[in-house]
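Below is one structure, written out as structure tokens; comments come after it.
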Amino acid sequence: LFGVQPGDRVLQFASPAFDVAMEEILSTLGAGAALVLRDELWDTETLVRRVEELGITILNLPSAVWHHWALEAASLAPPPPLRLIVVGGEEVLAEPARQWLRSRLAGIPVLNGYGPTEAVITATLHEVTLESLGAGASVPIGRPLPGRSALVLDLRGNPVPVGVPGELYLGGCLARGYLGLAGLTAERFVPDPFGGSGARLYRSGDLVKLRPDGALEFLGRIDQQVKIRGFRVEPAEIEAALAAHPAVAAAAVLVRESGREKQLVAFVEPAGTSLLVHALVADLRAFLETRLPAWMVPAAFAVIGALPLNASGKIDRAALCRIPVEVQREESEAPQTEVEQALAEVWQEVLGIDRVGRGDHFFHLGGHSLLAMRLATRVRALFGIDLELRDFFEAPTLSGFAERVERALQPVSTPDVDLDEIGSLDDILADLDGLSEDEIRLMLLEAQREEEGSMTHTVRELEEMA
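Just so we're aligned: 327 in the working numbering is position 272 of the sequence shown, and the numbers increase by one with no gaps anywhere.
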């Protein structure tokens, strides 16, 4: 369906730990095309530039990365010879898609791929067009690939009519099950009542509906599982980890959306701790970082007297949603230099907060790698320097990153060279004329022992001529 040919160059954008990497690697090498490896994270501007420099023809991007690109599409020219973009990993939003399709990048086809790992990476595909978007908030996930099936069923396992929400069941190309988890395998991989003998379906847990045009539309989850930047997250796992901390009496974790961003927020009921709120939050964050992957550590913590309960005695999550949450942190020294002050304004805009101090840590303020990409683009435009994202991850505090920016802004000094003492280029060539290669090497060796910077500069010229 991607039409991969031996002449294509496909970028392996996904980490080898992510299932999409298998799709990038195997489909590319299987077609005899070139696989181009990526060794670091790029911001949007660098991504577009590197795609052009590397001659990438097919690109597979996480939805959130493509969203950033699409929202900046009006200012970016299409990088030749890119001919296809595949996006996926989490819900693709309609507004970035509309901006892409109305920009100069509209000539590059975009396919929205959907599929959990259990259904072998990509189960359905949809070409993103203005006609198919309609008035919805997200892009349809399309139709099943050849040899696969996608059924929308109700709670009793019966097909639902067009337009009626139901759970998505996938068939045709499935994993064998979960290693060492026979009970979970039996629960999620069920017999296919509409297929042949031995046919199975995978219960995705995703809520969808079938549109009149035959495309599937993603509506959300039927359980509490959420996706944060392409990663599956079960809030209950985070709650269990928090509950293991001796200073926590109870905890609840929700997902809050701010614009296009999703963030995990932890509500904590303390167990008689004497720690100040910001000290408790710092301790809880450090505690979770040793037990959970980075994407499961909440961006914000709210310490409250008691978790609200509903009439049945369960946590009232609707009431939690109404509680305002502010990022808790120690008071940090205000920005000092002009660079720090300019960076603080950019951080505040990107993170959606009203204050940033010199010692504040970007990732402890709710930042993540995709926001870091956006920040790098803003910094490049503001200061006219070319910093790598690696610089940002190595110096994530405001003051630390400001030092990197200030170093990059310093002019490169070059030694003064007295051309009268060196002589003209014709004189140097005349001196070299007639010398043997060994004589030139001996002269270079003697010149290299000189202490003067100007002589060192001359040596480099002699090396080039030799």
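Even glycine gets a Cβ: it sits at the ideal position worked out from N, Cα and C.
So is residue i buried or exposed if we call it buried at 16+ other beta carbons inside 10 Å?
i: Glu108; result: exposed
i: Phe68; result: buried
i: Val320; result: buried
i: Glu388; result: exposed
i: Asn115; result: buried
i: Thr83; result: buried
i: Leu464; result: exposed
i: Thr99; result: buried
i: Asp247; result: buried
i: Ala190; result: exposed
Quick check: what's the CA-CA separation for residue i versus residue j?
i: Gly253; j: Val245; result: 10 Å
i: Val310; j: Trp97; result: 27 Å
i: Phe447; j: His419; result: 14 Å
i: Val65; j: Pro134; result: 14 Å
i: Thr432; j: Glu404; result: 13 Å
i: Ser130; j: Arg429; result: 14 Å
i: Ala427; j: Ala397; result: 16 Å
i: Leu166; j: Pro117; result: 12 Å
i: Leu461; j: Pro390; result: Here residue 461 turns out to be Glu, not Leu, going by the sequence shown. If I take the Cα positions, the gap works out to 14 Å.
i: Leu373; j: Val308; result: Checking the displayed sequence, the identity of residue 373 turns out to be Ala instead of Leu. Answer to the nearest angstrom: the Cα atoms are 12 Å apart.
i: Gly439; j: Thr392; result: 18 Å
i: Val183; j: Leu208; result: 25 Å
i: Ile176; j: Pro379; result: 38 Å
i: His423; j: Phe417; result: 8 Å
i: Pro71; j: Arg377; result: 39 Å
i: Thr511; j: Gly110; result: Here the model assigns Thr511 a pLDDT of 42, short of 50, so the residue's position is not dependable, and the following value carries that caveat. So the two alpha carbons sit approximately 39 Å from each other.
i: Lys282; j: Gln318; result: 10 Å
i: Gly232; j: Thr240; result: 5 Å
i: Asp415; j: Pro451; result: 8 Å
i: Trp155; j: Gly144; result: 19 Å
i: Phe356; j: Val336; result: 7 Å
i: Ala299; j: Glu242; result: 28 Å
i: Met520; j: Asp74; result: Model confidence at Met520 stands at a pLDDT of 49, short of 50, so the residue's coordinates are unreliable; what they give is reported in the following sentence. Cα to Cα, the separation comes out at about 53 Å.
i: Glu395; j: Leu442; result: 16 Å
i: His123; j: Arg93; result: 19 Å
i: Asp261; j: Arg459; result: 44 Å
i: Trp402; j: Ala354; result: 15 Å
i: Ala399; j: Glu312; result: 23 Å
i: Arg276; j: Gly360; result: 30 Å
i: Leu139; j: Leu274; result: 26 Å
i: Gly170; j: Pro466; result: 50 Å
Which class does residue i belong to by DSSP, given the choice of helix, strand or coil?
i: Gly455; result: helix
i: Ser187; result: helix
i: Ala357; result: strand
i: Pro466; result: coil
i: Ala307; result: strand
i: Thr432; result: helix
i: His123; result: helix
i: Ser70; result: coil
i: Asp371; result: coil
i: Gln154; result: helix
i: Thr179; result: strand
i: Phe57; result: coil
i: Ser82; result: helix
i: Glu272; result: strand
i: Pro117; result: strand
i: Gln318; result: strand
i: Ala291; result: helix
i: Ala205; result: strand
Tell me whether the beta-carbon of residue i lies closer than 8 Å to the beta-carbon of residue j.
i: Leu148; j: Ser193; result: yes
i: Trp121; j: Val103; result: no
i: Pro325; j: Val303; result: yes
i: Leu223; j: Val263; result: yes
i: Leu339; j: Leu297; result: yes
i: Val106; j: Ala88; result: no
i: Leu375; j: Phe322; result: yes
i: Leu453; j: Gly412; result: yes
i: Arg198; j: Ala119; result: no
i: Leu56; j: Leu180; result: yes
i: Asp63; j: Thr112; result: yes
i: Pro195; j: Glu272; result: yes
i: Ala125; j: Pro151; result: yes
i: Glu292; j: Gln280; result: no
Between residue i and the rest of its own chain, which residues show a CB-CB distance below 6 Å, the 5 nearest in sequence each way excluded?
i: Glu173; result: Ala230, Tyr257
i: Asp203; result: In the sequence under discussion, the amino acid at residue 203 is Arg, which differs from the Asp named in the question. Ala178, Gly227, Cys228, listed in sequence order.
Can you find the residues in the same chain that come closer than 7 Å, C-beta to C-beta, to residue i, ignoring five residues on each side of it along the sequence?
i: Arg515; result: Here the model assigns Arg515 a pLDDT of 49, short of 50, so the residue's position is not dependable, and the following value carries that caveat. Excluding positions up to five away in sequence, the list is empty.
i: Val219; result: Lys264
i: Ile80; result: Gln67, Leu90
i: Glu507; result: Reliability fails at Glu507, whose pLDDT of 44 lies under 50, so the model's placement of it is uncertain and no value is given.
i: Arg522; result: Because the chain in this structure spans residues 56 to 521, residue 522 falls outside the shown range and cannot be described.
Grab me the residues of residue i's own chain with a C-beta within less than 8 Å of its C-beta, minus the 5 sequence neighbours each way, in chain order.
i: Asp278; result: Gly260
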